[in-house]
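Asks: Structure in structure tokens, see below.
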Amino acid sequence: MEIVTVREDVWGREVLLGVSWDWLWVILALTFAAIVVHLLIMAVLRKQPRPSAAGKRLTRHDNFDRSFHWIMAISTLVLLFTGVLPIIGYDFNWLTIHWIAGLVLTGAVLLHVIRAVFFQDFGSMVVAPKDLKEPFEKGRKPGKYSLAQKGMHHAMTLLVLVVIGTGLVLFLQIDTPWWDRPNSLAESTLGWMFVLHGVSTLGLVGLTALHVYFALRPEKRFYTRSMISGWISEDEFSANHDPARWMPDETARS
Amino acid sequence: MAAHDVMPDIELFQPITVEDASAIAARLDGAGWILAGGQDTYGWLKDRAKHPGAMIDLAAIEGINGINATASGISIGAMTTLRDVMRDPLIAEKFPILTQAAGRVASPQIRNQGTLGGNVAQDTRCWYYRRGLSCYRAGGNICYADSPEGMNREHALFGASRCVAVSPSDTATALVAVDATMVIHREGREKRVPAEQFFIGPAINITHMTVLRPGDILTHVEIPNTWANTESYFEKVADRDVWDFALVSIAAVMKTSGGVIDDARIVCGAVECVPRRLRSVEQALRGKPRNEQTADAVAGLASGGARTLNHNQFKVPLMENLVRRALRT
């Protein structure tokens, strides 16, 4: 199976077209296998008692961050579906929806980056050397984000930035309400843009599926709830986080 | 570039039923090329631009050839030759617009061999694409016809989502005008698609001109009586009178009473990847007399929203003039 698709033009030159979409099925199969393996491991492991959701409520995500998260999530899903469905044979007028969702994602990511870097505790998402001990030391608890959450976030960040960067270049090549298609990029440059856009899309398909899986896992569901309603309980906090590394505020409601 | 010496090796299937043809196509999983009259197919093969491994010849299938009157209109087998469509008295009586359109396809030799199904399902004639370049339509990333140096005199004014190729079919415009239905055999079942939805633009699928997918077989074209015996007009403008594709064509049907247009369907060919319904013109016509003044008043609406390329600006006045000619009595 090829990684990229290449075609020979009428002059016998090789033209790079993009990523080979056969990899979509490989990625889906690998993701599915990873989920099955995780399910089996979790079934074998002794179930830990789950902390109670009752009691005092502590703020994990404020309204702003939750809104950004869901805007990014919805736009990413729209981008994935509008990008991938036509490739696997579902015909519809996808391009306009795709670039609009792309602009929404770009705007949300830009605001999120500015807010995270200048107005929030940026360090809480950076992987520090002590985070690396987390998987190996029983009882070691993370700050606001676990090593796995940071890893997922960094992988997502990388893929989303690549998909946005290449998507914006491709966006400049099509008709929009603001400009007419210039058709100005060299074929080889376009080929590379499509390769990078495709590879990052494939990565996002896998990561998004894993992200949704973990969001639905029973022991992680309180994180999903916190992304919807903003809070975790005091019990959930003390069971999963180190107060020396992260001390959330108490919410007004409890 | 490959030498144009001999025909490449192609496995040939000659089924005698639609079911067999469909089963073979399904078994070949996209590698089987459906062959009707061959007037589009052999060009591709001759130029070595497409390389089907197998061909499924529909010529021996009896049920998809011929013209029949039905309770609700006319049913035309997809393998009916354009010559037969052109000469059929029933079609000439009820839908002269189709008689005229079929009669303007290519040349007598091609009409003798070419079929109605093949004519509507044929691929675009954009020469960059036909030459085998890796353009968007061929699965690539660029439209050569729409590049700054592109030769695009025959290309699209409307609906160019990356690709600017146009529908080359003459009968397609007439069939959309008379609100025909395409009957498709798909996975053992019959699927009926209005002609207007049968053709698809690049925004929907950039590598296909129609909704037909590997394994699908267009078996019949049905024309309801809705627009039978109405006033109609067909005109095709091409560089040559024979053996040429349209620069712009028009197919119009009108229901009139006392010289006033009650309803109309007007379709332009070769200005978009699909036959283009001129809905704004149709709407403006309702309740107006069919005369020179009405023609002048609505003609400008035809080209609204057109986006010209470097070499096809002439299509805008051509479209408008064809609308005028269609509406004059």
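In order, the protein sequence lines correspond to chains A and B. Heads up, this note's numbering is the position in the first sequence plus 1175, with the first residue counted as 1. Heads up, this note's numbering is the position in the second sequence plus 33, with the first residue counted as 1. Glycine is no exception: its CB is placed at the ideal position from the N, C-alpha and C atoms. Keep in mind it's a predicted model, so treat the numbers as computed, not measured.
Quick check on A/E1362 - is its C-beta less than 7 Å from some C-beta in chain B?
Replies: Along the first sequence, read from residue 1 onward, the residue named residue 1362 of chain A stands at position 187. Taking Cβ atoms only, chain B reaches closer than 7 Å to A/E1362, which makes this a yes.
Asks: Unbroken beta strand (DSSP E) runs of length 3 or more, entirely within the region 59–113 of chain B: which are they?
Replies: Runs of the beta strand (DSSP E) inside the region 59–113 of chain B: 65–68, 87–90, 100–103, 106–110.
Asks: Let me know if A/G1230 comes out buried or exposed under the rule of 16 or more other beta-carbons within 10 Å of its beta-carbon.
Replies: The count along the first sequence starts at 1 and reaches residue 1230 of chain A at position 55. Exposed, because fewer than 16 other Cβ atoms sit within 10 Å of the Cβ of A/G1230.
Asks: Can you name, in chain order, every residue of its own chain whose Cβ lies under 8 Å from the Cβ of A/S1227, other than the five neighbours on each side?
Replies: For the purposes of this step, residue 1227 of chain A is identified with residue 52 of the first sequence, where counting begins at 1. Excluding residues within five positions, the ones whose Cβ falls inside 8 Å are S1408, D1410, E1411.
Asks: Could you pull the start and end residues of the beta strand (DSSP E) that A/A1208 belongs to?
Replies: Here residue 1208 of chain A refers to the residue found at position 33 when the first sequence is read from its first residue. A/A1208 -> not in any beta strand (DSSP E); alpha helix (DSSP H) instead, spanning 1197–1219.
Asks: Along the region 153–174 of chain B, what residues have a CB closer than 9 Å to any CB found in chain A?
Replies: Going along the region 153–174 of chain B in chain order, one finds R164, G165, L166, S167, A171, G172, G173, N174 with a Cβ nearer than 9 Å to chain A.
Asks: Assuming B/W260 is part of the alpha helix (DSSP H), what are its boundary residues?
Replies: Here residue 260 of chain B is taken as the residue at index 227 of the second sequence, counted from 1. That residue, B/W260, is in no alpha helix (DSSP H); it is neither H nor E in DSSP.
Asks: What would DSSP say about A/D1437, mapped onto helix, strand or coil?
Replies: Residue numbering for chain A in the displayed model covers 1176 to 1429; residue 1437 of chain A lies beyond these limits and cannot be assessed.
Asks: With a cut-off of 7 Å, does the C-beta of B/N343 fall near any C-beta of chain A?
Replies: Position 310 of the second sequence, counted from the first residue, corresponds to residue 343 of chain B. Not closer than 7 Å to any Cβ of chain A, the Cβ of B/N343 fails to qualify, so no.
Asks: Please state whether DSSP places B/Y177 in a helix, a strand or coil.
Replies: Here residue 177 of chain B refers to the residue found at position 144 when the second sequence is read from its first residue. B/Y177 falls in the coil class under three-state DSSP.
Asks: Along chain A, in chain order, which residues have C-beta atoms closer than 9 Å to that of B/R195?
Replies: Within the second sequence, residue 195 of chain B is the residue found at index 162, counting from 1. Residues of chain A passing the Cβ test: L1270, Q1348, I1349, D1350, R1356, N1358.
Asks: For B/Q346 and chain A, any beta-carbon pair shorter than 7 Å?
Replies: On the second sequence, residue 346 of chain B is found 313 positions in, with the first residue counted as 1. Not one chain A Cβ lies under 7 Å of B/Q346.
Asks: Determine, for B/N238, whether the minimum Cβ-Cβ distance to residues of chain A falls below 7 Å.
Replies: Taking the second sequence and counting its residues from 1, the one referred to as residue 238 of chain B is at position 205. Output row for B/N238: interface = yes.
Asks: Alpha carbon to alpha carbon, how far is B/G291 from B/A284?
Replies: Here residue 291 of chain B is taken as the residue at index 258 of the second sequence, counted from 1. Here residue 284 of chain B is taken as the residue at index 251 of the second sequence, counted from 1. Roughly 22 Å between the two C-alpha positions.
Asks: Tell me where the beta strand (DSSP E) around A/T1234 begins and ends.
Replies: The residue you call residue 1234 of chain A lines up with position 59 of the first sequence. Run containing A/T1234: 1232–1234, per the beta strand (DSSP E) assignment.
Asks: At the 7 Å Cβ level, is B/D179 part of the contact set with chain A, yes or no?
Replies: Within the second sequence, residue 179 of chain B is the residue found at index 146, counting from 1. Yes, its Cβ sits closer than 7 Å to a Cβ of chain A.
Asks: Less than 8 Å between C-beta atoms, sequence neighbours within five positions excluded: which residues of the same chain meet that for B/P181?
Replies: The residue you call residue 181 of chain B lines up with position 148 of the second sequence. Same-chain partners within the cutoff: N343.
Asks: Which residue from B/P247, B/L280, B/C168 puts its Cα closest to that of A/N1358?
Replies: Sequence index remark: in the first sequence, residue 1358 of chain A carries index 183 (1-based). Out of B/P247, B/L280, B/C168, B/C168 has the C-alpha closest to the C-alpha of A/N1358.
Asks: Please state the DSSP three-state secondary structure of B/F191.
Replies: As a first step, residue 191 of chain B must be located in the second sequence, where it is residue number 158. The answer is coil: DSSP assigns B/F191 none of H, G, I, E or B.
Asks: Kindly confirm or deny that the region 99–107 of chain B and the region 173–190 of chain B touch, where touching means at least three C-beta pairs closer than 8 Å.
Replies: The answer is no - the region 173–190 of chain B does not touch the region 99–107 of chain B, with fewer than three Cβ pairs under 8 Å.
Asks: For B/T243 and B/F231, which I take to be in contact (beta-carbon distance under 8 Å), what is that distance rounded to the nearest angstrom?
Replies: In the second sequence, residue 243 of chain B corresponds to position 210, counting from 1. In the second sequence, residue 231 of chain B corresponds to position 198, counting from 1. Indeed they touch by this definition, with Cβ atoms about 6 Å apart.
Asks: For B/H218, report the span of its beta strand (DSSP E) as first-last.
Replies: As a first step, residue 218 of chain B must be located in the second sequence, where it is residue number 185. B/H218 -> beta strand (DSSP E) spans 214–219.
Asks: So B/N174 and A/E1183 are in contact, right, with Cβ under 8 Å, and what is the actual spacing, rounded?
Replies: Along the second sequence, read from residue 1 onward, the residue named residue 174 of chain B stands at position 141. Along the first sequence, read from residue 1 onward, the residue named residue 1183 of chain A stands at position 8. Wrong, their Cβ atoms sit about 15 Å apart, outside the cutoff.
Asks: Quick one: Cα of A/V1219 to Cα of A/E1394, how far?
Replies: What you label residue 1219 of chain A is simply residue 44 of the first sequence in a count that begins at 1. What you label residue 1394 of chain A is simply residue 219 of the first sequence in a count that begins at 1. Their backbone Cα atoms lie some 15 Å apart in a straight line.
Asks: So for A/W1367, helix, strand or coil by DSSP?
Replies: Mapped onto the first sequence, residue 1367 of chain A falls at position 192. DSSP places A/W1367 in helix when its eight states are reduced to three.
Asks: Roughly how many angstroms lie between the CA atoms of B/L68 and A/M1217, to the nearest whole one?
Replies: For the purposes of this step, residue 68 of chain B is identified with residue 35 of the second sequence, where counting begins at 1. For the purposes of this step, residue 1217 of chain A is identified with residue 42 of the first sequence, where counting begins at 1. Distance between the alpha carbons of B/L68 and A/M1217: 56 Å.
Asks: Using a Cβ-Cβ cutoff of 9 Å, what residues of the region 1367–1400 of chain A are near chain B? List them in chain order.
Replies: For the region 1367–1400 of chain A, which is checked against every Cβ of chain B, the residues closer than 9 Å are M1368, F1369.
Asks: Could you list which residues in chain A have their beta carbon closer than 9 Å to that of B/C301, in chain order?
Replies: Taking the second sequence and counting its residues from 1, one reaches residue 301 of chain B at position 268. Under the 9 Å cutoff, chain A gives no residues; its nearest Cβ is about 20 Å from B/C301.
Asks: Compute the distance between the beta-carbons of B/R358 and B/E325, then report whether it is under 7 Å.
Replies: Here residue 358 of chain B refers to the residue found at position 325 when the second sequence is read from its first residue. Here residue 325 of chain B refers to the residue found at position 292 when the second sequence is read from its first residue. For B/R358 and B/E325, no; Cβs fall outside 7 Å.
Asks: Using a C-beta cutoff of 7 Å, does A/D1197 count as contacting chain B?
Replies: Residue 1197 of chain A sits at position 22 when you count from the first residue of the first sequence. No, A/D1197 does not count as interfacial toward chain B.
Asks: Report the option in B/Q316, B/T50, B/S202, B/P227 whose CA atom is closest to the CA atom of B/L131.
Replies: Working through the second sequence from its first residue, we reach residue 131 of chain B at position 98. When each option's Cα is compared against that of B/L131, the closest is B/S202.
Asks: Using the C-alpha atoms, what's the distance from B/T50 back to B/R219?
Replies: Reading the second sequence from its first residue, position 186 is the one you call residue 219 of chain B. Reading the second sequence from its first residue, position 17 is the one you call residue 50 of chain B. Computed Cα separation, rounded: 14 Å.
Asks: Could I get the ranges of all uninterrupted alpha helix (DSSP H) runs contained in the region 1335–1402 of chain A, with 4 residues as the minimum, in chain order?
Replies: Complete alpha helix (DSSP H) runs here, min 4: 1362–1391.
Asks: Would A/H1342 be called buried (16 or more neighbouring beta carbons within 10 Å of its own) or exposed?
Replies: In the first sequence, residue 1342 of chain A corresponds to position 167, counting from 1. Checking the displayed sequence, the identity of residue 1342 of chain A turns out to be Gly instead of His. With 16 or more Cβ atoms within 10 Å of its Cβ, A/G1342 is classed as buried.
Asks: For B/L166, collect the residues of the same chain with a Cβ closer than 6 Å to its Cβ; drop the 5 residues on either side in sequence, then sort them by chain order.
Replies: Your numbering for residue 166 of chain B matches position 133 in the second sequence. Closer than 6 Å at Cβ, skipping near neighbours: Y177.
Asks: Rounded to whole angstroms, what's the CA-CA distance from B/V270 to B/R340? Just pull it up for me.
Replies: By 1-based counting over the second sequence, the position of residue 270 of chain B is 237. By 1-based counting over the second sequence, the position of residue 340 of chain B is 307. Distance between the alpha carbons of B/V270 and B/R340: 20 Å.
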